[in-house]
Structures are given as structure tokens and as C-alpha cells.
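**Q**
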Amino acid sequence: MERFEKLLRQFHANLIMVEGRAELTAQTYGTAVKEFLSWLCSKEIKLESVALKDLFYYLSWRKSLGNSELTIAKDISALRAFGAFLTREGMWQENLALVLDRPRASRALPRVLSVEQVDDLLSCIDTSCALGIRDRALFELVYSCGLRISEACSLLMGNVHLKEKILLVRGKGDKERIVPFGDAAKNWLSRYFDEVRPNLVGKKIVPQVFVNYKGNAISRKGVWKRFKELESFTGIDCKVHTLRHSFATHLLSGGADLRSVQELLGHADLATTQIYTHVATGELGDYHKEFFPGHKIVNN
């Protein structure tokens, strides 16, 4: 695999500089291609000699490992991008991966918390300590704005406007959007800015809003770890991303239109946002069953 390290670095740079892909996409594709190259090594197949049947055999092997349809679809997307790169570099005569059909992955409805569950979850954060205040501000903002973890971690001080209660968020593909936030998020952000962040950062210049105990920008792994602790403490089964799902569903249940929610979430495709309408509809159905049982057959 050592001989492929330079090729992988070139592929990563090509995705960023030439195709304008997001860093996370480049990393995901790089991981998938590295797996493919490792498989070629194990089968003693030269990259320049890869045939279409080899791609089929590789994907069959990936499926045999129990990978989901969604993972296989990502593998194929990565192989298509890699094939295009190899074709431009003259290592392949044509992009063989274009023949591969991505499976239609069935999308499960996202897990959503009720408003009461969100309140219970956030109120259980211990705000008697500095990091607790930071966590409350962080997760209040994630819920109030429907942020992705990566967006919360990369949020810059200069893009937070407390008085106006709006954020300038940089999302996937470096696309920017303006998102408002509520009073609860404003109050906890104010406390975090006044009481906690200056002590954590000290004399360092850190542009990111949320920092760890060392005063450096908090990582996605750090956010996951803190939320996991909160989840185990409360017993509420959820993930950080569940707050984003809940944000969207609660907006739609409250009467927000689909286009507005799409803009707030930063979805490029309206179809991605539409999945939340199914969740909201199901939630309304549960309320209907509970409070409006309908006609009952009465035996005389």
C-alpha cells in the first residue's frame, strides 16, 4: 500500500482543488478508495490492469461483509470519482466505474425527540461548572439552529450576532446561510462568552466559538463524547444529530413551510428536507389517535 500513498494524496488534492469537493467528502472518498486499493493488493491485481469484473467482484466482497446499501452507494460514488481522476492521469483509458449503478438505499425516518424530551435533555447539563455552561450553549445552539456538528465546531466568533440573534453558518460545499436562534440559545451563549470562554482561551487567538478545556477549537469527536455522556446520564436514546432532526420536525409541526426549513437546514435538494414531513405527519397521527379516538362501535 505504500506505493499508493502518493496517489491517494494526489486524488485528495484533485477532489478539493479541481472538483471543488468539500473536505469531508474528500476524506470519505479517500477512505473508500484506500479500501479498494488494499483489496487490489490482496488479490495481486495491478491498478492499471483493473477490469470491470474486478469492480463487480470488489463490490460483491464489500456486500458480503454486511455493509449497507448506503455504504455501497458511497463506495460507488468514490470509485466513480477515482475513475475520473485515473482517466485524466492516463492510468485508465476510460472510467470503468461509470457503468456501476448505485443501489437505491431505503431511508429510514430520522429519530426525533419531542419538545419535552429536548427540554429534559438540555436541562440535565450541569451548568455549575464552566464546561457545563459551554455544553449548554453548544447544544442549545445546535437545536435552536438545526446545526450539523461540523457547522457548530467550525462556527466563527465573527459570525455570531447576539443582538440580532442570527448566525452566519458555513455548511456543506462551503455554502453560507443565515440562521436565526432563540432566546434560550442567546442567554446561554451570553453566559458562555462572558463567564467561560475568556478563561479557557486565555491569551490565545482562537476564531472558533466553541473551545475545549485547553482553549483550542473543540473537535467533532469532543462534541460526540460530551453528548454521549449526557445521553447515558438521562437515558434518552439519541445522538447529537437528533437535535437537528428534532429542530426540523418541530418547525414543520408548528406550521413552517418546507422551503423555509430547507433554507434553514442548508439542504441543496428539497427532497432531502421532505423526509421530515413524514415524521411530522406521523407525529400528528399519534396525537390524533390519543386525543380523537373517533367513532366507536357500541353494542346495544
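Convert by adding 2 to the 1-based position in the sequence shown; the result is the number in the numbering used here. Quick reminder that beta carbons are idealized off the backbone N, C-alpha and C, glycines included.
I'd like to confirm the pairing. Which residues does DSSP put opposite Ala28 in its beta bridges?
**A** Paired residue(s): none; Ala28 is not in a bridge.
**Q** What are the partner residues of Leu158, as DSSP defines its beta bridges?
**A** In the DSSP output, where bridge partners are listed per residue, Leu158 has Gln210.
**Q** What did DSSP end up calling Lys167 once you bin it into helix, strand or coil?
**A** Coil, per DSSP.
**Q** What would DSSP say about Arg5, mapped onto helix, strand or coil?
**A** Helix, per DSSP.
**Q** Kindly indicate the opening and closing residues of the alpha helix (DSSP H) around Glu265.
**A** Looking at the DSSP string, the run of the alpha helix (DSSP H) that includes Glu265 is 260–267.
**Q** Verify whether the separation of the beta carbon atoms of Val120 and Leu253 is less than 9 Å.
**A** No. Outside cutoff.
**Q** Terminal residues of the continuous beta strand (DSSP E) containing Pro182?
**A** Segment 178–182, the beta strand (DSSP E) holding Pro182.
**Q** Over what stretch of residues does the alpha helix (DSSP H) that includes Val144 continue unbroken?
**A** Counting along the chain, the alpha helix (DSSP H) containing Val144 begins and ends at 132–147.
**Q** On a Cα-Cα basis, can you pick out the residue from Cys131, Asp137, Cys126 that is closest to Gly237?
**A** Of the listed residues, the one whose Cα sits closest to Gly237 is Cys126.
**Q** Nearest to Asp137 by alpha carbon, out of Ile220, Arg5, Ser51?
**A** Taking only the C-alpha atoms, the option nearest Asp137 is Ile220.
**Q** Name the DSSP beta bridge partners of Ala219, please?
**A** Answer by DSSP bridge pairing, in chain order: Val213.
**Q** Quick check on the DSSP output: the alpha helix (DSSP H) that includes Lys55 runs from which residue to which?
**A** Element bounds for Lys55: 54–66.
**Q** Compute the Euclidean distance between the alpha carbons of Lys45 and Glu91, then round it to the nearest angstrom.
**A** Answer to the nearest angstrom: the Cα atoms are 23 Å apart.
**Q** List the DSSP bridge partners of Arg172.
**A** In DSSP, Arg172 forms a bridge with Glu178.
**Q** Can you give the beta carbon distance from Asp176 to Ala24, rounded, assuming they're within the 8 Å contact cut?
**A** Contact holds; Cβ gap of about 7 Å.
**Q** Go ahead and pull the three-state DSSP assignment for Ala86.
**A** Three-state result, Ala86: helix.
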